[in-house]
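Residue numbers for the sequence shown, in the numbering used here: 1176 to 1591.
Even glycine gets a Cβ: it sits at the ideal position worked out from N, Cα and C.
Here's the structure, in structure tokens; my notes come after.
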Amino acid sequence: MTFFEHCDLDQRFTLSKSSWTPRGQYALVFDFDQRRAIKLYMNEDTSDEDVVFKSMAKFVDSGAIRSDSVWIQVSPDGNELIDQGSEVEEDYTMIPCYWTRDQFPPALPSVRRSDLVELDRLGLQVDRVAYDIPEGHTKEATFKYLVYENNIGAFWEEVNCIIGMHARGTHPNIVSFDRLVTETVKGVEKIVGFTTDFIPGGTLDDSKTRLFKLKYLHQLIETVDFLNLELGVVHGDVLSWNLLIDERTDNILLFDFNSAFPLGEKPEISDVDLVVVAMFDVITRSLGDVFDGESPYEIDGVQLLAADLWEKDPEVNLDADVFEFLRVLKAWVERRKAAEEDPETEEVARNPVEWPELPDPPLVDCSGVMEPRESEMRQRLIMAGQPYMAWQRPSSHDLSLPENKGKVLLATGEFV
1176 MTFFEHCDLD QRFTLSKSSW TPRGQYALVF DFDQRRAIKL YMNEDTSDED VVFKSMAKFV
1236 DSGAIRSDSV WIQVSPDGNE LIDQGSEVEE DYTMIPCYWT RDQFPPALPS VRRSDLVELD
1296 RLGLQVDRVA YDIPEGHTKE ATFKYLVYEN NIGAFWEEVN CIIGMHARGT HPNIVSFDRL
1356 VTETVKGVEK IVGFTTDFIP GGTLDDSKTR LFKLKYLHQL IETVDFLNLE LGVVHGDVLS
1416 WNLLIDERTD NILLFDFNSA FPLGEKPEIS DVDLVVVAMF DVITRSLGDV FDGESPYEID
1476 GVQLLAADLW EKDPEVNLDA DVFEFLRVLK AWVERRKAAE EDPETEEVAR NPVEWPELPD
1536 PPLVDCSGVM EPRESEMRQR LIMAGQPYMA WQRPSSHDLS LPENKGKVLL ATGEFV
């Protein structure tokens, strides 16, 4: 079962815009499962995400929407599919303007997107893949990619953070960079994503019964100190869903740097506070109940440590008393907070990662006028007879269809 078969609809779909055309009012919806944009007409208020997303899920998952359709017309209540079409004039799909290979360090290894085989869908723009390596072996990896144009800036920050850390060597408690992922368009090699090592077993958020050892907390503390104080990187999302246990090494691993930023850039977000929140979640499994409606990124770690809330969930397994975990946490938090508040011991990274500026966007033909844009309409490329990067793939519900048995799905979205 892929991520998209059990996630909330507002995780799978995003409503890009709601507007009018001569056909009527529409919602432009992006489906991260199929990596596809569809205009949904319903002649009603299309700003109601709940109605729009339920309608999209119903007709996509039932196979009612053709693979080449770019718009659908549904009944006002969203329960009936009335019409659909593939006219290029109705195609509002946006294609990100990907960066070229020469905008990245030349020594980094790479793999072509067409050489990646999809094994699982782990989340938004994140898949588990496999590719062939020398001597007849196959390697599994996590493939993070850019397909949704609103994520261009964030993706640039993440990939360069990962590359910058990689340049300073591997760390035993950080999931390692693997390769850049490339695709050639019009003779130019573009970067569409990157891979990292795949670690099986799921996150700490996935299993409350897995034994959590005191040494994992010590490792996490050391890792956050290394990121913050050595590399000048704030992870920004050190929570249970971004933590793994590598059973091969018996180490805790931190991954997913799409919220990372340079130390000092966002003082309101603290990895120290987030470690406290993560441990509260691991030990009590009551984060959502105790802080219902409150963002975990706004919880004060010092206050949480002092609160009488640290009752271990009966199903949680620890190799030490909760008191011992709290003792280690409190000592570390006191040290880090004292350093933050003392101007004489201001926290400055010793070997900071470089964060290159987002390159200026290329010039794109916009109705005959060349303008700098970070993405361009697929409609214009098709009308001009130009090649474009295709990402659309079958929905998760279509993967087990009889006609797909015995085939493999490439990261390009094609069954072979």
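Requested in this report: Could you name each continuous beta strand (DSSP E) segment of 3 residues or more that falls completely within the segment 1361 to 1442, going from the start of the chain to the end?
Outcome: 1363 to 1372, 1418 to 1421 and 1426 to 1429
Query raised in the report: Count the other CB atoms within 10 Å of the CB of Q1561; is the residue buried (16 or more) or exposed (fewer)?
Result: The count along the sequence shown starts at 1 and reaches residue 1561 at position 386. Under this definition Q1561 is an exposed residue.
Requested in this report: With DSSP as the reference, please indicate the residues paired to K1314 in a beta bridge.
Outcome: Reading the sequence shown from its first residue, position 139 is the one you call residue 1314. Note: K1314 sits in a beta bridge opposite Y1306.
Query raised in the report: Does the ligand FMN have even one heavy atom less than 7 Å from the beta-carbon of L1504?
Result: The ligand FMN is not part of this structure, which contains no ligands at all.
Query - Residue environment, C1336, which counts as buried when at least 16 other CB atoms sit within 10 Å - result: Within the sequence shown, the letter at position 161 stands for residue 1336. Counting Cβ neighbours within 10 Å, C1336 comes out buried, since at least 16 surround it.
Query raised in the report: Would DSSP call R1296 helix, strand or coil?
Result: Indexing the sequence shown from 1 puts residue 1296 at position 121. Strand, per DSSP.
Query raised in the report: Who pairs with F1205 in a beta bridge, going by DSSP?
Result: Position 30 of the sequence shown, counting from 1, holds the residue named residue 1205. Paired residues: T1189 and A1212.
Report task. Out of D1206, A1482, T1177 and T1371, state which residue places its alpha-carbon closest to the alpha-carbon of M1340. Result -> Residue 1340 sits at position 165 when you count from the first residue of the sequence shown. Minimum Cα distance to M1340 is reached at T1371.
**Report entry** Outcome for Q1300 when other beta-carbon atoms lying within 10 angstroms are tallied against a minimum of 16
**Finding:** The count along the sequence shown starts at 1 and reaches residue 1300 at position 125. With 16 or more other Cβ atoms within 10 Å, it is buried.
Query raised in the report: beta strand (DSSP E) containing L1538: first to last residue?
Result: For the purposes of this step, residue 1538 is identified with residue 363 of the sequence shown, where counting begins at 1. Taken as a continuous stretch (DSSP letters only), the beta strand (DSSP E) holding L1538 covers L1538 to C1541.
Query - Among V1477, E1473, Y1323 and T1221, nearest to A1513 - alpha-carbon criterion - result: Looking up residue 1513 in the sequence shown gives position 338. When each option's Cα is compared against that of A1513, the closest is V1477.
Query raised in the report: Three or more C-beta pairs closer than 8 Å, one from the segment 1432 to 1449 and one from the segment 1400 to 1417: is that the case here?
Result: yes
Query raised in the report: Unbroken alpha helix (DSSP H) runs of length 4 or more, entirely within the segment 1556 to 1590: which are they?
Result: none
Query raised in the report: Hey, how far is the Cα of F1590 from the Cα of V1204?
Result: Translated into positions along the sequence shown, residue 1590 becomes position 415. Translated into positions along the sequence shown, residue 1204 becomes position 29. About 24 Å.
Query raised in the report: If you follow the beta strand (DSSP E) that G1260 is part of, which residue opens it and which one closes it?
Result: Along the sequence shown, read from residue 1 onward, the residue named residue 1260 stands at position 85. Unbroken beta strand (DSSP E) run through G1260: L1256 to G1260.
Requested in this report: Tell me whether I1308 is buried or exposed, calling it buried when 16 or more other Cβ atoms sit within 10 Å of its Cβ.
Outcome: For the purposes of this step, residue 1308 is taken as residue 133 along the sequence shown, with counting starting at 1. That one is exposed.
Report task. Can you tell me which of F1178, L1321 and N1579 puts its alpha carbon nearest to the alpha carbon of E1549? Result -> As a first step, residue 1549 must be located in the sequence shown, where it is residue number 374. The option with the nearest alpha carbon to E1549 is L1321.
Requested in this report: Buried or exposed for K1580, please, with buried defined as at least 16 other CB atoms from any protein chain shown within 10 angstroms of its CB.
Outcome: In the sequence shown, residue 1580 corresponds to position 405, counting from 1. Result: exposed.
Query raised in the report: Taking the Cβ atom as the reference point for each residue, do E1364 and L1585 lie within a distance shorter than 8 Å?
Result: As a position in the sequence shown, residue 1364 is number 189, starting the count at 1. As a position in the sequence shown, residue 1585 is number 410, starting the count at 1. Going by C-beta atoms, E1364 is not nearer than 8 Å to L1585.
Query - Coarse secondary structure for E1551, derived from DSSP in three states - result: Numbered from its first residue, the sequence shown carries residue 1551 at position 376. In this structure, E1551 counts as strand in the three-state DSSP scheme.
Query raised in the report: Given a threshold of 16 other Cβ atoms within 10 Å of its Cβ, counted over all protein chains shown, does R1568 qualify as buried or as exposed?
Result: One-based indexing of the sequence shown puts residue 1568 at position 393. Label assigned to R1568: buried.
**Report entry** Outcome for W1195 when other beta-carbon atoms lying within 10 angstroms are tallied against a minimum of 16
**Finding:** Along the sequence shown, one-based indexing puts residue 1195 at 20. Classification for W1195: exposed.
**Report entry** Beta-carbon separation (whole angstroms), I1270 vs Y1563, contact threshold 8 Å
**Finding:** As a position in the sequence shown, residue 1270 is number 95, starting the count at 1. As a position in the sequence shown, residue 1563 is number 388, starting the count at 1. So it is a contact: roughly 5 Å between Cβ atoms.
Requested in this report: For K1214, collect the residues of the same chain with a Cβ closer than 7 Å to its Cβ; drop the 5 residues on either side in sequence, then sort them by chain order.
Outcome: Here the question's residue 1214 lines up with position 39 in the sequence shown. Y1201, L1203, V1245, W1246, E1265 and Y1267, listed in sequence order.
Requested in this report: Pull up the distance between the alpha-carbon of R1241 and that of C1541, whole angstroms please.
Outcome: For the purposes of this step, residue 1241 is taken as residue 66 along the sequence shown, with counting starting at 1. For the purposes of this step, residue 1541 is taken as residue 366 along the sequence shown, with counting starting at 1. If I take the Cα positions, the gap works out to 29 Å.
Query raised in the report: Do S1191 and T1221 have their CB atoms nearer than 8 Å?
Result: Position 16 of the sequence shown, counted from the start, is the residue given in the question as residue 1191. Position 46 of the sequence shown, counted from the start, is the residue given in the question as residue 1221. No, the pair does not count as a contact, with Cβ atoms beyond the cut-off.
Requested in this report: Report yes or no: do three or more beta-carbon pairs, one from the segment 1220 to 1235 and one from the segment 1178 to 1186, lie closer than 8 Å?
Outcome: yes
Requested in this report: Could you tell me which uninterrupted alpha helix (DSSP H) segments, each at least 4 residues in length, are contained entirely in the segment 1224 to 1276, listed from first to last along the chain?
Outcome: 1224 to 1236
Requested in this report: Taking 8 Å as the threshold, find out whether the segment 1354 to 1364 comes into contact with the segment 1455 to 1464 through three or more Cβ pairs.
Outcome: no
Query raised in the report: My guess is that L1404 and R1525 are in contact by the Cβ rule of under 8 Å, so how many angstroms apart are they, rounded?
Result: For this step, residue 1404 is matched to residue 229 along the sequence shown. For this step, residue 1525 is matched to residue 350 along the sequence shown. With 8 Å as the limit, L1404 and R1525 qualify as a contact, their Cβ atoms being about 7 Å apart.
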